[in-house]
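Single-structure report; data block below.
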Amino acid sequence: MGGTMDGTKQQRRGDTRQRIQDVALGLFAEQGYEKTSLREIAEALDVTKAALYYHFKTKEEILVSIFEDLTQPILDLIDWGRRQPHTLETKQEIVRRYSEVLAGATPLFRFMQENQATVRELRVGETFKNRMIGLREIIVDPEADLVDQVRCVSALFTMHAGMFLLQDLDATPEEKRQAVLDVATDLVTQAHKGA
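Numbering of the sequence shown is given in the working numbering, commencing with residue 139 and proceeding in unit increments.
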């Protein structure tokens, strides 16, 4: 019996952590990381600073945890990709899955885009760069010629750019995501034909 109780408490605690992350990221994005205090985050959550402190000691801890949670799927994707053959199907699947990962982490990418100095300072940028390198390794054939390697890397950039540069285009987010995915898929397909 005791086991189930613990389970729910654990679950609730997990939810609190996520609520803190969501609210903090919203504030960071809205008013900038530097200008947001732990007190404001606590107020927005309607909890005491002590309650917040139980989960995170600093603002930086919150940001790093958001970053790790939202980019974990990238690591999972890299692990998956490393075990696959370098076929066209694999690359198309990597692009498709990455598109989903990005859709799930839109607020984080918006924050990173608008707070580049903070991101660099907190070494979150460094971690992200390493993840991008891991992604590049599974999507690029080292023996492909340079133009085809660039096409594969451009497929990743296309998906990143699609998150920001298409905001004012007249289409639903889902239509835009699909269009960006189509272009990225075309790029890896073309690169593969080249090889």
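Each residue gets a CB set at the ideal place from its N, CA and C atoms; glycine is no exception.
Remember, predicted model here, so these are calculated numbers, not experimental data.
Pairwise C-alpha distance: residue j and residue i
i           : j           : result
residue 237 : residue 315 : 7 Å
residue 239 : residue 188 : 33 Å
residue 153 : residue 192 : 14 Å
residue 161 : residue 177 : 12 Å
residue 322 : residue 224 : 17 Å
residue 254 : residue 243 : 16 Å
residue 257 : residue 251 : 9 Å
residue 332 : residue 275 : 18 Å
residue 290 : residue 234 : 13 Å
residue 142 : residue 220 : Confidence at residue 142 is low in this model, with a pLDDT of 48, below 50, so the placement of that residue should be treated as unreliable; the coordinate-derived value is given next. Each residue's Cα considered, the two are about 38 Å apart.
residue 183 : residue 266 : 28 Å
residue 311 : residue 301 : 9 Å
residue 179 : residue 210 : 24 Å
residue 226 : residue 270 : 20 Å
residue 190 : residue 181 : 10 Å
residue 206 : residue 186 : 25 Å
residue 328 : residue 313 : 22 Å
residue 168 : residue 268 : 27 Å
Buried or exposed by the 16-neighbour rule on C-beta atoms within 10 Å, applied to residue i
i           : result
residue 197 : buried
residue 262 : buried
residue 303 : exposed
residue 264 : exposed
residue 166 : buried
residue 174 : buried
residue 222 : exposed
residue 284 : exposed
residue 294 : buried
residue 299 : exposed
Sequence-distant residues of the same chain with beta carbon closer than 8 Å to residue i, five excluded per side
i           : result
residue 260 : 198, 201, 202
residue 296 : 318, 321, 322, 325
residue 272 : 212, 213, 216
residue 309 : 317
residue 158 : 179, 183, 190, 193, 194, 200
residue 172 : 256
Chain-order list of residues whose beta-carbon lies under 7 Å from that of residue i (same chain, five-residue window excluded)
i           : result
residue 163 : 204, 245, 246, 249
residue 232 : 215, 219, 276, 277
residue 241 : 315
residue 170 : 253
residue 307 : 314
Own chain residues within Cβ distance below 6 Å of residue i, not counting five before or after
i           : result
residue 229 : 277, 326
residue 287 : 278
residue 305 : none
residue 208 : 243, 246
residue 292 : 325
residue 330 : 226
residue 155 : 193
Alpha helix (DSSP H) segments (min. 4 residues) lying fully within the segment 152-228: 176-183, 187-193, 197-220
Continuous alpha helix (DSSP H) assignments of at least 4 residues falling wholly in the segment 253-288: 254-259, 262-277
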